[in-house]
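Note that numbering that gives the first Met the number 0 has the sequence shown beginning at 0, numbered continuously upward.
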Amino acid sequence: MLAACGARRGAIETLGDAAHWRLEGRLAVSDGHDSGSGTVTWEQEGAYFMIQLRAPISGQNWRLSGDGALCTLEGLRADPLTADSPEALLERELGWHLPVAALRDWLQGRPMNDDIRVIRDKSGQISGFSESGWAVSYRDFRAGRPTRISANKPPYQVRSAIKSWVVLP
């Protein structure tokens with residue numbers, strides 16, 4: 000049951016302002032017709048990110064990394080592929096509509112923009128919000144960090160199940 004809307008970041012339990020963190024878990028992406036999934040490792044250090052996806056069924060492994068100005072996708076072809084944005088690169092090469100910049104915040108249990116109002120459950124824990132046409136919902140938290148996240152913008156759907164969070168030095 001949804002109980003209330005609340006203010007932004009200050010009241011949301013997240014990794015805080017940790018500049019360097021890593022998560023491991025599973026990620027699934029669907030466009031309504033095709034889908035892909037696998038185990039994911041996401042490491043963030045300031046603006047730099049590295050996302051590694053391993054899809055055991057297809058045997059496909061790739062790594063997306065970047066710093067906000069340039070991103071690189073490795074593992075799909077013999078040579079690395081580059082683009083100005085991770086979203087454009089994934090759309091072009093995989094057909095995935097994955098909002099990487101926003102997902103960084105969503106995985107931490109918060110909206111990307113400060114003016115987004117969140118919905119909380121009866122206990123005060125964030126349960127969801129809408130941002131940039133995406134409906135983001137949280138189903139489970141452990142130690143104040145989200146472990147089950149779903150983001151939907153028909154026909155696109157992104158789901159994650161986070162197994163571990165680590166704040167790095």
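Where a beta carbon is used, it is the ideal one built from N, C-alpha and C, also for glycine.
- If you draw a 10 Å sphere on the C-beta of residue 154, you find fewer than 16 other C-beta atoms in it, and that means exposed.
- Contact between residue 137 and residue 144 fails: their C-beta atoms lie close to 10 Å from each other, not under 8 Å.
- The beta carbons of residue 132 and residue 30 sit about 15 Å from each other, so the pair does not count as a contact at 8 Å.
- When only Cα atoms are considered, residue 62 and residue 115 end up about 31 Å apart.
- For residue 165, the pairing in a beta bridge is given by DSSP as 21.
- Counting other Cβ atoms within 10 Å of its Cβ, residue 110 reaches 16 or more and is therefore classed as buried.
- Annotation note: the segment 52-135 contains the following uninterrupted alpha helix (DSSP H) runs of length 4 or greater, listed N- to C-terminal: 85-93 and 99-105.
- The residue among 117, 82 and 157 with its C-alpha nearest the C-alpha of residue 102 is 157.
- In the DSSP assignment, residue 154 falls outside any beta strand (DSSP E) and carries neither an H nor an E.
- The Cβ-Cβ distance between residue 38 and residue 21 does not fall below 8 Å.
- Rounded to whole angstroms, residue 46 and residue 122 show a C-alpha spacing of 33 Å.
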